[in-house]
Amino acid sequence: MSNSATPDTIFNNTLGEAFEALKLGANDLVTVRRVQRRADELASIDAAGAWELRAYASAIKNAFDAADEMFACALRLQPGNLNIRVRWLAMLCVTGQVGKVKEKFIAFRPGLDGNFAAMGAVISLLGYVGLLHDAFQLRQRVAALGGNPGGHAFDGDFGIASAPEMVREKMLATEDFPEPLPSSVYTFSAEDAEQVLADQGLSVDAWSEPIGCAIRFLRQKRLKVVAVKSSFIPHDDRATAMHFQLLIVATPDICWEAEWEFCGVLVDRDFPIINSGTATIAFIPTLREAPRANHS
């Protein structure tokens, strides 16, 4: 370990590097070795942190079951550390493992009460993968506990705009937190949106399945998702639809090509909520042109 680098600095820097690789879907053995080496440096000082870094190294290699086991080891060493739980959820979210996100959220949910920063972070993560019903319920719980849920009133249009940097700043007053959290924005009436699912005999989690599929597809394409925006739009002449926009670090031509290919994936997967026209997914570019190479 460098004499000038503290354990916290090593962990935080490695955390950012690991999440960047996870978002990009980069099975980068150089990054894996670097993360593992830093985990070894921390092992005698911060055993939980070392296990967590090993979990990221496994996840970068797409060894997700091993990553879950290593996160579990970290949590056994620090069972009261909510940050580990939130970062575990974040790892599952950015890799599109929606089923596991739901499973872990159910397990972690009782321990979140009262920590409004952690609850807010989890709301954003749930929105990122389309688990909007759980996000609604958790947001209502924040209000019931006297916290500030943000957004609009519960009895009108429901809106959330996450602020990952602000959340991280609050958490760093005590412990480390991921940088940055995936973000999600959604505005609509929860009751109306869920009624459309009920009318089709679909579960309240039906939105999450195609969203998870999209995140996994984009990781395979090495395209980074920076945010997910959702809007529920009633239509007079056709089915009311939930529109998901995945904001991607890519130029329009790359984005549209990926979206066209993903349409074929959706046809093959045969999601009822997509087939009925009550949910759509669009890839939105965030770059006007490709970054220029630095020749200096």
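In my numbering, the protein residues as written are 464 to 759. The beta-carbon is built from N, C-alpha and C at its ideal position, and this holds for glycine as well. On a predicted model such as this, the values are computed, not experimentally measured, just so you know.
Once you ignore the five residues that flank residue i on each side, which residues in its own chain have a CB closer than 7 Å to its CB?
i, result
"residue 483", "none"
"residue 705", "656, 670, 693, 695, 741 and 742"
"residue 490", "523, 524 and 525"
"residue 732", "676"
"residue 468", "none"
Can you tell which of the options has its C-alpha closest to the C-alpha of residue i?
i, options, result
"residue 607", "578, 665, 595 and 687", "578"
"residue 567", "580, 550 and 583", "550"
"residue 581", "539, 602 and 594", "602"
"residue 747", "681, 660, 528 and 695", "681"
"residue 508", "495, 498 and 470", "470"
"residue 547", "515, 591, 530 and 560", "515"
"residue 667", "717, 574 and 592", "592"
"residue 576", "735, 543, 539 and 595", "543"
"residue 510", "609, 541, 731 and 574", "541"
"residue 488", "716, 724 and 678", "678"
"residue 545", "565, 573, 560 and 533", "573"
"residue 565", "720, 596 and 538", "596"
"residue 718", "732, 685 and 468", "685"
Can you tell me whether residue i is buried or exposed, with buried defined as 16 or more other CB within 10 angstroms of its CB?
i, result
"residue 569", "exposed"
"residue 726", "exposed"
"residue 585", "buried"
"residue 655", "exposed"
"residue 740", "exposed"
"residue 588", "buried"
"residue 495", "buried"
"residue 518", "buried"
"residue 638", "Unreliable positioning characterises residue 638 in this predicted model, as indicated by a pLDDT of 44, which lies under 50. The coordinate reading is nonetheless provided below. With fewer than 16 Cβ atoms within 10 Å of its Cβ, residue 638 is classed as exposed."
"residue 609", "exposed"
"residue 537", "buried"
"residue 665", "buried"
"residue 492", "exposed"
Since residue i and residue j are thought to touch, with beta carbons under 8 Å apart, how far apart are those beta carbons, to the nearest angstrom?
i, j, result
"residue 481", "residue 523", "7 Å"
"residue 520", "residue 535", "Rounded, the Cβ-Cβ distance is 15 Å, inconsistent with contact."
"residue 735", "residue 663", "7 Å"
"residue 676", "residue 728", "7 Å"
"residue 712", "residue 749", "6 Å"
"residue 710", "residue 689", "5 Å"
"residue 707", "residue 737", "Not confirmed; about 10 Å, so no contact."
"residue 745", "residue 722", "7 Å"
"residue 720", "residue 561", "25 Å between Cβ atoms; not a contact."
"residue 477", "residue 498", "6 Å"
Given residue i, which residues of its chain have a CB within under 6 Å of its CB, disregarding the five upstream and five downstream residues?
i, result
"residue 512", "474 and 505"
"residue 486", "557 and 687"
"residue 563", "555"
"residue 571", "548"
"residue 611", "none"
"residue 559", "675, 678 and 679"
"residue 530", "518, 521 and 522"
"residue 500", "none"
In three-state DSSP terms, what is residue i?
i, result
"residue 688", "strand"
"residue 529", "helix"
"residue 481", "helix"
"residue 505", "helix"
"residue 748", "strand"
"residue 708", "strand"
"residue 626", "Only weak support is given to the placement of residue 626: the predicted model assigns it a pLDDT of 30, under 50, and the value that follows is read from those uncertain coordinates. Residue 626 falls in the coil class under three-state DSSP."
"residue 606", "helix"
"residue 694", "strand"
"residue 740", "coil"
"residue 670", "coil"
"residue 546", "helix"
"residue 560", "coil"
"residue 524", "coil"
"residue 577", "coil"
"residue 728", "helix"
"residue 476", "helix"
"residue 494", "helix"
"residue 734", "coil"
"residue 601", "helix"
"residue 593", "coil"
What residues in its chain sit with their C-beta under 8 Å from that of residue i, if we drop five residues either side in the sequence?
i, result
"residue 633", "Unreliable positioning characterises residue 633 in this predicted model, as indicated by a pLDDT of 33, which lies under 50. The coordinate reading is nonetheless provided below. So the qualifying residues of the chain are 580."
"residue 752", "714"
"residue 533", "514, 515, 517, 518 and 521"
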